[in-house]
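A quick write-up on the structure given underneath.
Number of protein chains: 4
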Amino acid sequence: MTVRLGLLGAGRIGKVHARAIAANPGAKLVAVADAFADAAAELAASSDAEVRSADAILAAGDIDAVLITTPTDLHATMIERAARAKKAIFCEKPIDLDVARVRNCLAVVASENAKLMVGFNRRFDPNFVEVRRQIDEGAIGKVEMVSIVSRDPGPPPADYIKRSGGLFRDMTIHDFDMARFLLGEEPATVYASASVLVDPEIGELGDYDSASVVLTTKSGRIAQISNSRRASYGYDQRIEVHGSKGLVSAENLRATNIEIANGDGYRREPLLNFFMTRYTEAYRAEIAAFIAAVERGGPITPSGDDGLKALVLADAALRSAKEKRVVHLEE
Amino acid sequence: MTVRLGLLGAGRIGKVHARAIAANPGAKLVAVADAFADAAAELAASSDAEVRSADAILAAGDIDAVLITTPTDLHATMIERAARAKKAIFCEKPIDLDVARVRNCLAVVASENAKLMVGFNRRFDPNFVEVRRQIDEGAIGKVEMVSIVSRDPGPPPADYIKRSGGLFRDMTIHDFDMARFLLGEEPATVYASASVLVDPEIGELGDYDSASVVLTTKSGRIAQISNSRRASYGYDQRIEVHGSKGLVSAENLRATNIEIANGDGYRREPLLNFFMTRYTEAYRAEIAAFIAAVERGGPITPSGDDGLKALVLADAALRSAKEKRVVHLEE
Amino acid sequence: MTVRLGLLGAGRIGKVHARAIAANPGAKLVAVADAFADAAAELAASSDAEVRSADAILAAGDIDAVLITTPTDLHATMIERAARAKKAIFCEKPIDLDVARVRNCLAVVASENAKLMVGFNRRFDPNFVEVRRQIDEGAIGKVEMVSIVSRDPGPPPADYIKRSGGLFRDMTIHDFDMARFLLGEEPATVYASASVLVDPEIGELGDYDSASVVLTTKSGRIAQISNSRRASYGYDQRIEVHGSKGLVSAENLRATNIEIANGDGYRREPLLNFFMTRYTEAYRAEIAAFIAAVERGGPITPSGDDGLKALVLADAALRSAKEKRVVHLEE
Amino acid sequence: MTVRLGLLGAGRIGKVHARAIAANPGAKLVAVADAFADAAAELAASSDAEVRSADAILAAGDIDAVLITTPTDLHATMIERAARAKKAIFCEKPIDLDVARVRNCLAVVASENAKLMVGFNRRFDPNFVEVRRQIDEGAIGKVEMVSIVSRDPGPPPADYIKRSGGLFRDMTIHDFDMARFLLGEEPATVYASASVLVDPEIGELGDYDSASVVLTTKSGRIAQISNSRRASYGYDQRIEVHGSKGLVSAENLRATNIEIANGDGYRREPLLNFFMTRYTEAYRAEIAAFIAAVERGGPITPSGDDGLKALVLADAALRSAKEKRVVHLEE
């Protein structure tokens, strides 16, 4: 069976997914929709797909599943419409920036018994997958402490910051999901120390650009997250899990593994510094997993609930940073 | 313009190139030929191409260039036929195992003024490309010494060994090309010490499985090659260039960059251990370079002459190993 | 001038310092005191020094400075006595487990105008010294975030735990000092999440064995500390400082730099797993710095105040962990 | 028992050994001799030893063993005199630059039944010791290929070159010994390609500054050596042994393990660039091994024969390079 897909949103990330679909022998991109007709037309042409309206895609009999890559404020509505249209759904994170809205949306998904996958691409990075697999195989014994370093190469434009929901909902949300993925137990408390160290304008917009977050589970497992909106040396994405019997870590990625030595020392190049390049494999594997799940039927992860839980952690972190206190998730 | 291609040979490496063509927006695989009808049909189907005979491909008006991925003993004849048919030609290494035959073949290519590229894929590996680029930019000053470690994960079957032309013509030939690519000057003498350390059967077939080769240029630049038909830890492919101002090196590749630490120490996984996986990017870039050269016109590298020169070095190495003496290339 | 030294305490760490003195051409160990006569006699013999009582050492005219390496509960009293005896003083950390007692002790030191150095050996580790030097030279711009991983190879015996003052005062205190050394600004708030994950007996003794601590300065600089009383792979001691222009990090140390590769992968040995071996160079440099400071006159670091400030942070961390809240240091 | 030592030669390397003796509880440096009275006096003073003439040291009843650290041209004579005086002998490499002279000298040593150790310090480097130990424990199976990279930070002065015996006898001789130490079988043939790439003046003196040497044993084991008199990035000292079951390698050493990352990449410092710093531990362990062997009695390595065999390889390499041919050691 070939999974027939519709793409709602022909922007940057939509294109990434279109390429992943093209490379996947089990799927076919049937139609693309976008508010900008040119964007839709261009992507449709290069993908050998049709341009249709979002309405037409949702109503189509020749489309099994949709990928929602619209602006964030349309995510929840589109999910609900697609759920009612009996399409399987892949939606980029976040479902919405508002927890209540997410809960409503997931209620619709549940009542329609729809299949929803949320785009936490990092879970599909081959390195992080291998970390998880090693944990599952017992290589490090019982998980005790998770450390995540997650720093962007540089801050996004002010305009993006404004609509982003802030550092925790926009950037750390990936790390919250990764922490949950690795901890094997839900966090019970959140502490976030957040600062404006990179760019005062970010502070003027009411946001932070640097943060350290500590999540603690009921049994005492601890996850540490270190964030910055700027890393001069590239896109810094490391994880490390300390267990009762060992430590597993995933290092950063570079374009090449060249080293140059001279009187100044030994030098390797900076890190891959763009999230789409750094996570190329992850995006491909993510879409492949979605396609496989649609074909196979059954549950799908990361689920809508994973999306919700990461957002709840983000909100708790924001409260913690603002009120300079520990936030208990049961509050 | 789209470059229209015919593929002569639907075996393992033919499939690799077909995938590279599919991923290249500037090219189209039009037809596939293979002595095994099933192989041709299968690859044609998955590539959206036609099955044609080799004769038909060479005679076709809708094909600009051919890729020769037949068994080695057909290479030279196919190159000559394609040259006469005015097709641009990509041929897997080696052109032939016999130097005289190669010279005849290249004479035909020259007289037909045909475009010929020889498949030394490693020149297109992103790491080795970057090594060459750093040298060209002066990062290490004048090249003095090149070190190449090139070890296969395990020996090929006896049957392959028999038809291979032996260690130097089959395996080291890539390293001879890489040494020439990096030295920036032609070797004047060759010394090879070769042994049977891995598998006595290889010795019984008159071949070697382990070797150390030293190439020296007229001005005294030196290249060292270390070969083995078996590396328990994966496909070992390293290069290092020592220059007057510095050293540049390219390390091996792994599937992930995970490290696991416990009481036994810190462990990373073995190397990628299959040449097609290790050189995936190189094969893709190689075919892209061929397609671009066909479209652009003008010279193309690695050329037929590069193929010849590497083979001459292989022959010299074999003579050196057999006669336990230094071989001067002007002999 | 040769600095003449008396050693108060001939235990494990006393021996380390005696060796450091022997290797230092600017100093001479004159006398050793210990409650255990045999221990004093043995160390005196191997150090070419005399056995004297602590009283005699403090009263001696031929001794310029004392090293206090007694059990912790004698530190403060010995410091006060030595200060009154006009000796320069090196004292192992901590001055005392009780902040009020430390303050009293330091008041005596101040009123006697005595020279006091506290034994935070890690400040003298060549790697960490180099990290600090790179920061001072501007290699990473303005310091923003400090990360310290500090994990012991295995938990100490229950008996030690009982008298240790607990995880924060005994172990993390070194990390608090290192954080202050690297942050370049005093912490304003402390948050500690602490657990019992390694050994339930530690919990029964009212202590923790695993912790994550976040220190935040007034200007928003952040330090993260990750502690465990057990690391299966050795004594894990890493620091990393993220600044506006770059990142500087210090990796762990091993006895050799051997790597073994085979079908299981590439393996390096575990870390040096004993603090005295890991910090051999640091102990040597620490004593050399003390001797140089005594000879030179003038201020000396880490000072008594550094000892106090680290203890205050430890107390705050303990309160934070117990009360599950953020502690403001001005409270 | 304390081994009582006399030192013949108070130069740079003599001082290194004096320090090693001072740090060794099983030995005492009794007397120092040097043609330069000031040098002898200074080292004697700092070592708490007497100044004596070489004659007096050889005749002394209170001296068990001598260390010969004179200029090279006195080595053989001093060894013979010490052998006749019934002293145990440690002599810096080489015994002499002339093979015939070495043979005569070793004949005297044998007839006097004297104990002689030759100063191939690298055999005592903790990393190389561990490589050998891993081989002995079977970690890599049967040894097949040894690779040695050995490059000095910069060329010595012309004056030194003149008296050095040339690249192979002065520098590569250490690598010949290391190759023998690791191969586990004597080389049967030698090939050396040598050039003048670093400094034309070295060529004018009749010497080489760059070389690649291949040693082959009877059973086909191969050792490769890469030499240069200049490495811009420090003192490059690496070994790698490829066996039937794995690979073991020893990496270079640095003063610290700091890494600095910024927009230019990730940078580690250059290598330790002075042989005495790089091999500090090796020199200490070497003298400790000599002292232990004197105390224990019995055989001692590296022996005079090890010194001879390395020199024979050096001579063969020189002949190979000059005559551009393979040299068989049985010639």
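Chains as they are written, first to last, in my numbering: chain A, 8 to 338; chain B, 8 to 338; chain C, 8 to 338; chain D, 8 to 338.
Yeah, the Cβ is synthetic: ideal placement off N, Cα and C, and Gly gets one too.
The structure displayed is predicted, hence computed values, not measured ones.
Residue i versus residue j - alpha carbon distance
{"i": "F127 of chain A", "j": "A51 of chain A", "result": "25 Å"}
{"i": "A321 of chain A", "j": "V125 of chain A", "result": "16 Å"}
{"i": "S226 of chain C", "j": "L190 of chain A", "result": "32 Å"}
{"i": "I20 of chain B", "j": "N234 of chain B", "result": "23 Å"}
{"i": "L366 of chain C", "j": "S200 of chain C", "result": "Here chain C comprises residues numbered 8 to 338, so residue 366 of chain C is not present and cannot be evaluated."}
{"i": "H249 of chain C", "j": "V39 of chain D", "result": "53 Å"}
{"i": "R11 of chain A", "j": "F175 of chain A", "result": "35 Å"}
{"i": "T84 of chain A", "j": "V334 of chain C", "result": "43 Å"}
{"i": "S54 of chain B", "j": "A29 of chain B", "result": "7 Å"}
{"i": "I209 of chain D", "j": "P164 of chain D", "result": "9 Å"}
{"i": "V138 of chain A", "j": "A268 of chain B", "result": "12 Å"}
{"i": "F97 of chain A", "j": "E302 of chain B", "result": "40 Å"}
{"i": "P101 of chain C", "j": "L222 of chain C", "result": "20 Å"}
{"i": "A92 of chain C", "j": "I75 of chain C", "result": "14 Å"}
{"i": "F135 of chain B", "j": "G145 of chain A", "result": "38 Å"}
{"i": "D105 of chain D", "j": "D214 of chain D", "result": "17 Å"}
{"i": "E211 of chain A", "j": "K316 of chain A", "result": "29 Å"}
{"i": "D166 of chain B", "j": "A323 of chain B", "result": "24 Å"}
{"i": "A27 of chain D", "j": "I298 of chain D", "result": "10 Å"}
{"i": "N259 of chain C", "j": "D243 of chain C", "result": "6 Å"}
{"i": "A342 of chain B", "j": "E266 of chain A", "result": "A question about residue 342 of chain B goes unanswered here, because the residues of chain B that appear run from 8 up to 338."}
{"i": "S217 of chain D", "j": "F188 of chain B", "result": "21 Å"}
{"i": "R108 of chain B", "j": "S118 of chain B", "result": "16 Å"}
{"i": "T287 of chain B", "j": "S327 of chain C", "result": "53 Å"}
{"i": "V23 of chain B", "j": "R291 of chain B", "result": "8 Å"}
Buried versus exposed call for residue i [16 or more other C-beta atoms within 10 Å across all chains shown]
{"i": "F393 of chain C", "result": "The first residue shown for chain C is 8 and the last is 338, placing residue 393 of chain C beyond what the model contains."}
{"i": "F43 of chain B", "result": "exposed"}
{"i": "N31 of chain D", "result": "buried"}
Anticipated Cβ contact below 8 Å, residue i with residue j, distance rounded
{"i": "D132 of chain A", "j": "A289 of chain A", "result": "4 Å"}
{"i": "K149 of chain D", "j": "S239 of chain D", "result": "K149 of chain D to S239 of chain D, Cβ: 37 Å. No contact."}
{"i": "R245 of chain C", "j": "V205 of chain C", "result": "Actually they do not touch by this definition, with Cβ atoms about 19 Å apart."}
{"i": "T77 of chain C", "j": "L15 of chain C", "result": "6 Å"}
Closest Cα partner of residue i within the set the options
{"i": "A66 of chain D", "options": "D:I232, D:G13 and D:A29", "result": "D:G13"}
{"i": "R129 of chain B", "options": "B:G148, B:V150 and B:A186", "result": "B:A186"}
{"i": "K331 of chain A", "options": "C:D271, C:A90, C:A25 and C:Y198", "result": "C:Y198"}
{"i": "P162 of chain B", "options": "B:F135, B:E119 and B:P207", "result": "B:P207"}
{"i": "L113 of chain B", "options": "B:L104, B:E87 and B:E258", "result": "B:E87"}
{"i": "Q231 of chain D", "options": "D:E211, D:S202, D:T9 and D:P194", "result": "D:P194"}
{"i": "T284 of chain A", "options": "A:A89, A:G314 and A:D159", "result": "A:D159"}
{"i": "L318 of chain A", "options": "A:A117, A:A72 and A:T179", "result": "A:T179"}
{"i": "Q141 of chain B", "options": "B:E337, B:S327, B:K22 and B:L254", "result": "B:L254"}
Cutoff 6 Å; reference residue i; Cβ partners in own chain excluding five residues on either side
{"i": "E247 of chain B", "result": "S154 and S256"}
{"i": "A3 of chain B", "result": "In the structure displayed, chain B extends from 8 to 338; residue 3 of chain B sits before or after that span and is not available."}
{"i": "D177 of chain A", "result": "S171"}
{"i": "I229 of chain A", "result": "M152 and T223"}
{"i": "A347 of chain B", "result": "Residue 347 of chain B lies beyond the range of chain B shown here (8 to 338); nothing can be said about it."}
Spatial neighbours of residue i in its chain, beta-carbon cut-off 7 Å, leaving aside the 5 residues before and after
{"i": "A56 of chain A", "result": "L36, V37, A38 and V39"}
{"i": "R261 of chain C", "result": "R275, E276, L278 and L279"}
Cβ shell of residue i (< 8 Å), same chain only, five flanking positions each side left out
{"i": "S310 of chain C", "result": "L123, M124 and V125"}
{"i": "T9 of chain B", "result": "G33, A34 and K35"}
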